[in-house]
Structures are given as structure tokens and as C-alpha cells.
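Working notes, beginning with the structure itself.
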Amino acid sequence: MVDRIADIWGTRTPFPGGGEWPERADIALAGDLTEADVDHWVQSACVLCSNGCGCDIAVKDGVMVGIRGRTQDRVNKGRLGPKGLFASWQGVANKDRLTQPLMRENGRLVETDWDTAMTRIANQSAKLLKDKGPLSHGFYTSGQLFLEEYYALAVIGKAGIGTPHMDGNTRLCTATAATALKETFGADGQPGAYEDIDSCDAVFLYGHNMPETQTVLWSRILDRLEGPTPPNLVCVDPRNTEVARHADVHLAVRPGTNLALMHALVREVLHNGWHDSAYINQHTLGFPELAKTVEEWTPEAAAEVCGVNADDIRAAARIFGTSTNVLSTVLQGFYQSSQATASSCQVNNLHLLRGMLGRPGAGLLQMNGQPTAQNNRECGADGDLPGFRNWGNQDHIEELATLWNVDPAIIPHWAPPTHAMQIFRYAEQGSINFLWVSATNPAVSLPELHRIREILAKPELFLVVQDLYLTETAELADVVLPAAAWGEKTGTFTNASRVVHLSEKAVEPPGNARSDLDIFLDYSRRMGFTTLDGDPLLTWQGPEEAFEAWKECSRGRPCDYTGLSYGKLRGGSGIPWPCNDQHPEGTTRLYGDASFPSDPDYCENYGHDLLTGAEVGEEKYRADAPSSRAWLKTTEYHPPHEEPDHDYPLRFTTGRTAYHFHTRTKTARSRQLNAAAPRMWVELSVGDATALGISEGDIVRVTSRRGMIEAPVRVSGVRQGTIFAPFHYGYWDSSQDGAGQPHATAANELTITEWDPVSKQPIFKNAAVNVEKIRSGNGPAPAPNTTASRPAGGPL
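According to the UniProt record's numbering, the residues represented by the sequence shown are 1 to 796, in order.
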């Protein structure tokens, strides 16, 4: 037996480039149960990261008792990571689940019945719609519901209420992924596939700590690295992650300087003649402007700004420029940092400059962090229009109005949809009076938390929270709705490489908890939302009917699901969209024909200025005549919003650990995972710790212009001048530290209320802080010793 807490990525199964990734069956069962003790297994896929690993849920006596990987699944070939093995089922089968609706009475949350809770919600909603109109309503959802639930919410918000105030915590996670794809190609949708790991010559990971955020995907890379033909590996990350430890080149950039580095890499590819001029001329627009913008960014110029070695930049560029097939993956180190969209678009540019798309090993993944973030974007619950339609295209609005049989005027398209940070600002200012939060915990996850808590607690704001547990956000709600979890309902979801899985209901939800779909359908019925014919807006009786309705919405769009069905998704592997008459078995890679969804009548948006976020507009876009070509876009480099100074001399950045997911709603309820990373810590470099007189385990106070936290120190391999903290932990750690006192521990007490001008994704990676020791520690920090957080001097 392998200890999958100590050995996160499991046993190696090496294989050569161009070969097949071997199967490896991972399993975890409760107590001393064996597979023979299981009553039956139910098909699903893991929802603890964006990998979407195929799995089966073990059921005994009507209870989830374990999980095993599906060896036939293309995504994981039977593997599961620690979060999937332990938190997937342990995190929902817990005694402190919400089982009954709660309502606030005399300042306290008390149990009530569903009819009373939903009547109160509907009455409040109807009154506000009558008195103030649809702009009084906001919806903030997640990257963890099912496709069918997102689509129901999107139809309610856009065709029932008519509010533009809809977004999800995908805004914190993958908004830049979607935006970078739209800006370059004309529509969302990952060009590459996980299978590109199997045949690439090089892998570039840009701000992507894959060993901790997508553990099974990293296992696939490890197996290539230990095979007979390992790919080169390049890491862009300020921390000494597992990627960095295996890398041929590690570019430990200063947080906030990604665009300067990317300009230098693009310039090197151009100056060394590694680009494909014929491909560029035939299939792209914008090359002269790109070449002009990057010209000043020599390796030496970028090295000075980024704090890396110029020769390392040259070495990384040479690997990209001379390898036959490169796979690039991008995640939060770019998405949550300064000039996020512009930096991410440069990764797209590198692939376009070399014509390196659409063939095995030549892949590009603007990764997601959450399991169903892709569905949120596809279905439009995050503010996009369903089916990757264009807010600025009246024909697209008419298509939806016809599909839903509603007046097109109700669909809000007079201005861009409202992003999450603006939704909370409107709630702060008082124009949004009704906010429905589902399956997310903004009281821990959003920036500048003291402000967010004050907004959520405003008496003028009617707050509905729909979740599994009484989270920090739910504690502030007027009505709390107990939701069914993964394994307690049926639905589909799509991972970061467009692979669609079916997750079947394995057990009944506890008490009176209901699926998110049932809750949304109940709300729609109570509100009396109707079509032009007077029929109910949503008539679906269950998830499969919702899926069939979604298929019609996706017909002819980039994310075409019309060739899929519940029956087709049962029994085998997941299937990547588009899946339709032309691609009945799905589509592994996009853009192999170099035809991009940029046509003005088809594209998802008309693009933006990457520096200011100003919209290009339909008239100019049409004048540029993209004709199915991709855009080579960039802008000038600008320093981060907040730089270190005398009072706040260090750069603060946040991130994840392999053992927790988001705000620990599920993972903290897994004994194994919580024991591996039980409490908050912060990381300092050896040089900074020495200069400040701080040792491993000492308690420090970290202060920014917005707040402070107190936590023990891990002296780690983070770059000098940078301090790191995991964002998972709640804003008060009630456990007692060495002095017997609780202390503020949420990393987002310190982060800044700023966002990328194009993607509107908040900037969690760049803040200026001061660190001071407040007392000596009584042992090592409670940080893992197995990951990027391992102590700099070796095991403690």
C-alpha cells in the first residue's frame, strides 16, 4: 500500500514519447473495507480540481464508503490524487452537513421548512423586482455545480429576471483563461488536450503549480520524465515548486512581471528565426504590432525587471523555438497577477508564431482551477451568454430569445455583464439588494476580506446562501438552503480539456437537502417566470431534460454537445466537445485546420485593448476582416499596482497546497487531508528570514495597507523578497497557537481590490507587505513537507 499523503503522485509507470500512458488503478475505502464488501459502484468523475478524473463511487448500505479510479477513462487511466481519494466522499459524508433550510429570525439562524424558506425568498425577490427592477438582483455562483444547474440559473437570470449581475467564483479562478482564448481565437475553448503530454518534446508551465493543483496531470508528466524519451521542462514560478525541481529551466520571476518575461520570450523566437512566417501570414493578424511592442525586451531588459538570469530566458526561448512539439499550460500565477490577460495571450502568441496547434504534442491549455468552471462559462451563469454567444451581436440575442421563447428585450445586452467585483461593489453601494450565493464562500475567497464581510452583513442586503455546510458566508445569510452534494445527484460536467463526464446519483442527500437544480427550478416556478405563450419558462422535471435543452442551446456553437447523451456517456470514458454529426466521437484537439472562430458573425466577442480593457467594437472588428484568422495581441508592460516600498518592503503572493481545495469546505472534513495541512502558515525565503531574525515556526505578523494576519513561518524555497501564503484558511483560526490565542489567518485579509482590465480577474498575486516577528515558535510550521512548502533546509 502506498501512503498517498506522503506520496502525493503515487507509483511511477514510465512510458516513452508517442506511447500510451499505462493504467494504474487507485482506490480508497473506509476503514478496513475491501472491494468485496462494496454493495455496488456508481459512475462519476472527481470534482476536487479541474482534471475531471473518471471514477466510481463505492456504496454500502446506502452510504458512500470510498472511491476508485476508472482505468478506461482517457483523463486519468485509473489514477486519483489525494483530494480525490479522500475528500471527494469524506468531504460530503459528514455529520455537520446542512440538512434543513435556515432563516434569520431576531438575528439568529433557525431551522425552517422548504416552503417557508422558498416563500420568503420568492416574496423578497418579487417585491424588489416590482419596486426596483431586475438590477436589484445579483447571483454569484461557483465552478463546482453541474452543467444542468448552471444552465437553469442562466435562463432564470437572463430570461426570467433580466439581470446582467451574474458571475461566479470562476472570476477568481479562470476568467483570464476564457478571456485570453477569446482575445486570440475569437471564442472560449481549450485548443489542446491532456494527451499532448504523451507526445510533446517540451512542457512549459506558466504560473502553474500543477503538482499541487492538478496532481494526476502531474503524474502523467512524471511518467514521461521517467520514460526513455523525457521532454524538456520549463517552469515560470517564484517558488521552488515540484515543477521547478524537475525543470531544465526555472524562471523564478518577481510577482507581477510576467508580461516582461513573455515579451522577451516572443522576441527571442522572432530574432532567432524560429517562427513560421507562412503560418503567420496566412492564419494570423497583428504581427507587425506584436513585433514592434516586444522589440525593446531583450533578455537583459527582462532579466532586470523580472529578477532572473538573462541566459535562462535565452535557454527557455531556445527550448520553445527549437522543439518540434511543445505543450504549454497556464494557471493562477498568470491569471491572478498584474496584466493577466496580456501575459496569457503571449502564450497563445508563441504557439501561433510557430504554427504549433492542433496536432499531438503541440498543445495549449489555458487551464481551469475548478472542476466545472468550463460549464459555468459555456452555460452563461458567469455573465457570459450561453453557447459562447456574443453580447454585442443582435442575431445571437435573437437566437436565444427564440430558443427560450421570450422577448429579446428581457435578455440584458445593452452593456457588458457585471463581473463579480462590481457585483459586490453594487451591493456595497446599495443598488443590489438581493444576492444569491451558491456553492462558494466569498467571505474567505475574495480580496480585502474585512470589506467583503461588511458587505455581506449589510441589513439592506437580502443574502441567500446555498451550500453543503454552514460556511463563513452562510453564517451571514438571511436564508440558508441545504444543497445536495456530488454523489447525491446526477449531472454532467466538463473538465479543462473539454472532456464531458456523467456523474450519477449514488446515495440520497442527508435530511431534506435538495439538488441545486431542484432549488433553481422551485424558485422559477414560485416566481411565475413564463414564455411569450404563457407557459412556464423552465418545464424540466430533472437533469436529463435540462441536458437535452442545453444541447439545443449549444447546437452550431463552438461548444456543440448535440452528439452527446446520458446514454453515450455511461460505461466508458468522458468525451470532449465539440461532439456532433461531424464529430460523433468528440474532438480531442481544436484548430488543426488553422480555422479559428473569429468570424464577426460567429465570434464570442469583438476583443479589447489589453492595457485599458476598452472594447474594440463591432465596426472596427469587421473592418479588420479576421476571416477565421487568430489575433496576435499584446500591449506595453506596466509594473504591478502595488510595489514594495520602505513601509511594506516585501511582495505578498497567495496560492494553494496539494491537500486542500478552495476554502476547505470539503477537504478540511477529510481526516487525512486536514492532518497534512491543518492550519495556516506563511513562507519566507532563507535570506529574508535571516535578515529579519526569524526562524522556522516563529509567529509573525504580516501587514498590508488593508489588513493583517498572524501565522507561523515556514522557511522555504520561495524567491527572496517574496512572501507566500495559502488562501484556503478562514479568517479566524480558533485553534490555539503557542501563546494560546486565536489569530487572523485568512490570506485575503491582505490582498488588494484591483483586477485585470480585460478579464476582470482579481489580483491575488501582487501586494506589498511588512513582516515582523511577534514571538518565538514552539515547533515547525504546520506546513506540508512534501510540496513547494517543504523546508529549505530539508525535512524537519
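Note that the Cβ used here is the ideal one computed from N, Cα and C, for glycine as well.
8 Å contact criterion, which residue i and residue j should meet: CB distance rounded
| i | j | result |
| --- | --- | --- |
| residue 798 | Pro447 | Any answer about residue 798 is impossible in this case: the structure gives the chain only from 1 up to 796. |
| Gly192 | Arg589 | 6 Å |
| Lys419 | Ile397 | The amino acid at residue 419 is misidentified as Lys; the sequence shows His. No, His419 and Ile397 are not in contact; Cβ-Cβ is about 20 Å, not under 8 Å. |
| Leu352 | Ala630 | 6 Å |
| Gly207 | Asp237 | 6 Å |
| Phe764 | Gln336 | 4 Å |
| Ala93 | Val47 | The Cβ separation is near 14 Å, so there is no contact. |
| Glu618 | Pro600 | 7 Å |
| Thr184 | Asn348 | 4 Å |
| Ala747 | Ala725 | 4 Å |
| Asn766 | Pro640 | 4 Å |
| Lys60 | Asp26 | Contact doesn't hold; Cβ gap of about 19 Å is too wide. |
Reference residue i; option with closest CA among the options
| i | options | result |
| --- | --- | --- |
| Ser554 | Leu403, Tyr606 and Val437 | Leu403 |
| Pro408 | Gln394, Pro416 and Met421 | Gln394 |
| Glu23 | Gly54, Asn368 and Met64 | Gly54 |
| Glu604 | Ile280, Thr440, Leu259 and Phe388 | Phe388 |
| Asp188 | Thr174, Glu195, Ser199 and Glu508 | Thr174 |
| Gly162 | Gly572, Pro134, Gly355 and Thr241 | Pro134 |
| Trp540 | Arg4, Leu48 and Ala152 | Ala152 |
| Leu145 | Ser50, Glu105 and Arg74 | Ser50 |
| Thr653 | Glu643, Cys579 and Val269 | Glu643 |
| Ala781 | Leu29, Pro584 and Met680 | Met680 |
| Thr322 | Pro231, Val294, Gly380 and Leu261 | Pro231 |
| Gly342 | Glu545, Thr176, Leu205 and Asp647 | In the sequence as presented, Gly is not what sits at residue 342; that position holds Ala. That would be Thr176, whose Cα lies nearest to the Cα of Ala342. |
| Gly607 | Tyr591, Arg425, Ala668 and Pro626 | Pro626 |
| Thr530 | Ala439, Ala373, Gly157 and Asn441 | Gly157 |
| residue 797 | Ala675, Leu673 and Val702 | The displayed coordinates of the chain run from 1 to 796. Any statement about residue 797 would go beyond what the structure contains. |
| Trp218 | Thr329, Asn272, Lys489 and Ser142 | Thr329 |
First through last residue of the alpha helix (DSSP H) which encompasses residue i
| i | result |
| --- | --- |
| Val686 | Val686 to Leu692 |
| Gln332 | Gln332 to Tyr335 |
| Gly567 | Tyr566 to Leu569 |
| Lys182 | Ala175 to Phe185 |
| Glu295 | Taken as a continuous stretch (DSSP letters only), Glu295 belongs to no alpha helix (DSSP H), as it is neither H nor E. |
| Ile699 | Where Ile699 is concerned, there is no enclosing alpha helix (DSSP H), although the beta strand (DSSP E) it sits in stretches over Ile699 to Thr703. |
| Gly321 | Ala310 to Thr322 |
Span of the beta strand (DSSP E), counted from its first residue to its last, around residue i
| i | result |
| --- | --- |
| Tyr729 | Element bounds for Tyr729: n/a, residue is neither H nor E. |
| Phe204 | Ala202 to Tyr206 |
| Cys559 | Looking at the DSSP string, Cys559 is not in any beta strand (DSSP E), and its letter there is neither H nor E. |
| Asp467 | Phe462 to Asp467 |
| Ala152 | Where Ala152 is concerned, there is no enclosing beta strand (DSSP E), although the alpha helix (DSSP H) it sits in stretches over Leu147 to Val155. |
| Phe139 | His137 to Thr141 |
| Trp436 | Phe434 to Ser438 |
| Cys345 | Cys345 -> not in any beta strand (DSSP E); alpha helix (DSSP H) instead, spanning Ala340 to Leu353. |
Separation of residue j from residue i, as counted between CA atoms
| i | j | result |
| --- | --- | --- |
| residue 797 | Leu285 | This structure leaves residue 797 out entirely; the chain is present only between 1 and 796. |
| Asp485 | Tyr659 | The sequence given here places Ala at residue 485; Asp does not occur at that position. Between Ala485 and Tyr659, the C-alpha separation is close to 20 Å. |
| Asp737 | Ile694 | Here the model assigns Asp737 a pLDDT of 45, short of 50, so the residue's position is not dependable and the matter cannot be decided. |
| Leu532 | Thr215 | 49 Å |
| Leu611 | Arg68 | 47 Å |
| Pro678 | Met421 | 30 Å |
| Gly227 | Leu80 | 21 Å |
| Asp7 | Trp89 | 20 Å |
| Gly392 | Asn325 | 37 Å |
| His501 | Gln72 | 13 Å |
| Phe15 | Lys620 | 50 Å |
| Ala302 | Gly383 | 36 Å |
| Ile121 | Glu472 | 20 Å |
| Asp733 | Val437 | Legend: pLDDT at Asp733 = 47, less than 50; position of this residue unreliable, value from coordinates given subsequently. Roughly 24 Å separates the two Cα atoms. |
| Ser735 | Val65 | Its pLDDT being 47, under 50, Ser735 is placed unreliably in this model, and the coordinates cannot settle the point. |
| Ser685 | Asn309 | 18 Å |
| Cys559 | Lys633 | 24 Å |
| Lys95 | Pro762 | 35 Å |
| Gly740 | Ser503 | With a pLDDT of 47 at Gly740, under the threshold of 50, the predicted position of this residue should be treated as unreliable, though the coordinate-derived value follows. Rounded to whole angstroms, Gly740 to Ser503 spans 45 Å at the Cα level. |
Cross-strand partners of residue i (DSSP beta bridge)
| i | result |
| --- | --- |
| Val499 | Pro576 |
| Thr492 | Leu502 |
| Phe520 | Answer is none; Phe520 lacks a bridge partner. |
| Glu111 | Leu102 |
| Asp167 | Tyr140 |
| Gln672 | The partner list for Gln672 (beta bridge, DSSP) is empty, contrary to what the question assumes. |
| Thr329 | Leu205 and Leu365 |
| Asp56 | Gln43 and Arg68 |
| Cys235 | Leu205 and His250 |
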